[in-house]
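> Have a look at this one before I ask anything.
In full-length UniProt numbering, the protein residues as written are 1 to 198.
So this is what it looks like as structure tokens:
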């Protein structure tokens, strides 16, 4: 299955209610610091919204909840890989995306045969403080060579214009957070992203 090139990340079902009617077909939900019952309720709602709109939901980090809810796709960071039950994730039939930032992490990710590999931050990001300041387009080109046929997701500091540069450098997918969520017109920005990623 070929994944869409536009891959927004949101932190609530409220954002999905805004984005999915516009035709978004691949979306990650990254929810932090919620009590378990509230988390399960929010993820269940996200799952239903995605199913109603024919979109693929990627659950960030919460692999057990994703299994319990019958979700399709999980995204794990490197720290998540330390604690996740990868055999259980595979037995449940979940597809897997993995974050990478350096060669050691890429080697670890490739050994798990994920459904995509993410590289970031390609440009500086305001989302979270990271020890990797900026990977740059040369690293995107290098990862393109190294990952072979595995889909490559570029993330970090993305705008529609930068996404075009990332695609030209070999990324298959551009993932975005604040360029949409902090935009004064998120719906308009989503439409702009869809034009760029078409």
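Even glycine gets a Cβ: it sits at the ideal position worked out from N, Cα and C. All of these numbers come straight from a predicted model, not from anything done at the bench.
Could you give the C-beta distance for residue 170 and residue 122, rounded to a whole number, given that I count them as a contact under 8 Å?
The residue you call residue 170 lines up with position 170 of the chain shown. The residue you call residue 122 lines up with position 122 of the chain shown. Contact flag wrong, Cβ pair sits at about 11 Å.
> Which parts of the region 68 to 146 are runs of the beta strand (DSSP E), unbroken and 3 residues or longer, counting only runs that do not cross its ends?
Within the region 68 to 146, the complete beta strand (DSSP E) runs of at least 3 residues are 73 to 76, 95 to 100, 116 to 119.
> Using beta-carbon positions only, say whether residue 146 and residue 172 come within less than 7 Å of one another.
As a working mapping, residue 146 is identified with position 146 in the chain shown. As a working mapping, residue 172 is identified with position 172 in the chain shown. Against a cut-off of 7 Å, the Cβ pair of residue 172 and residue 146 comes out as no contact.
> Let me make sure I understand the geometry here. Which of 11, 6, 193 has the alpha-carbon closest to that of residue 31?
Counting from one through the chain shown, the residue named residue 31 turns up at place 31. Among 11, 6, 193, the Cα nearest to that of residue 31 belongs to 11.
> Quick one: residues in its chain with C-beta nearer than 8 Å to the C-beta of residue 54, no 5 flanking neighbours on either side, listed in chain order?
Here residue 54 is taken as the residue at index 54 of the chain shown, counted from 1. For residue 54, where only same-chain residues beyond five positions count, the Cβ hits under 8 Å are 25.
> State buried or exposed for residue 119, treating a residue as buried only when at least 16 other CB atoms are found within 10 Å of its CB.
Working through the chain shown from its first residue, we reach residue 119 at position 119. Counting Cβ neighbours within 10 Å, residue 119 comes out buried, since at least 16 surround it.
> List, from N- to C-terminal side, the beta strand (DSSP E) runs of 3 residues or more that fit wholly inside the region 33 to 65.
Within the region 33 to 65, the complete beta strand (DSSP E) runs of at least 3 residues are 56 to 60.
> Within 10 Å of its beta-carbon, does residue 156 have 16 or more other beta-carbons around it, so buried, or fewer, so exposed?
Numbered from 1 along the chain shown, position 156 holds the residue referred to as residue 156. Flag for residue 156 reads buried.
> If you measure between the beta carbons of residue 180 and residue 22, is that distance less than 7 Å?
Here residue 180 refers to the residue found at position 180 when the chain shown is read from its first residue. Here residue 22 refers to the residue found at position 22 when the chain shown is read from its first residue. No, the pair does not count as a contact, with Cβ atoms beyond the cut-off.
> Could you check the C-alpha separation between residue 61 and residue 98 for me, to the nearest Å?
Here residue 61 refers to the residue found at position 61 when the chain shown is read from its first residue. Here residue 98 refers to the residue found at position 98 when the chain shown is read from its first residue. Rounded to the nearest angstrom, the two C-alpha atoms are 10 Å apart.
> Cutting at 6 Å between CB atoms, please list the residues of its own chain near residue 50, excluding the five before and the five after it.
As a first step, residue 50 is located in the chain shown; it is residue number 50 there, counting from the start. Within the same chain, residue 50 has close Cβ partners 57.
> Helix, strand or coil for residue 9? Go by DSSP, reduced to three states.
In the chain shown, the residue the question calls residue 9 occupies position 9. If DSSP states are grouped into helix, strand and coil, residue 9 belongs with the strands.
> Tell me which residue opens and which closes the beta strand (DSSP E) that residue 196 is part of.
In the chain shown, residue 196 corresponds to position 196, counting from 1. Residue 196 -> not in any beta strand (DSSP E); alpha helix (DSSP H) instead, spanning 186 to 197.
> May I ask you to list the residues that DSSP assigns as paired with residue 155?
Walking along the chain shown from the start, residue 155 turns up at place 155. Answer by DSSP bridge pairing, in chain order: 175.
> Shorter than 6 Å, the distance from the beta carbon of residue 116 to the closest heavy atom of the ligand NAP, or not?
As far as ligands go, the structure on display features none, and thus does not contain the ligand NAP.
> Sort 93, 6, 110 by Cα distance to residue 73 and report the nearest one.
Locating residue 73 in the chain shown gives position 73, where the first residue counts as 1. The shortest Cα separation from residue 73 among 93, 6, 110 belongs to 93.
> Is residue 26 helix, strand or coil by DSSP?
For the purposes of this step, residue 26 is identified with residue 26 of the chain shown, where counting begins at 1. Strand at residue 26.
> Looking only at its chain, what residues have a beta carbon closer than 6 Å to the beta carbon of residue 80, apart from the 5 residues adjacent to it on each side?
As a first step, residue 80 must be located in the chain shown, where it is residue number 80. So the list reads 61, once near-sequence residues are dropped.
> Mapping DSSP to helix, strand and coil, what is residue 169?
Residue mapping note: residue 169 aligns to position 169 of the chain shown, counting from 1. Residue 169 falls in the coil class under three-state DSSP.
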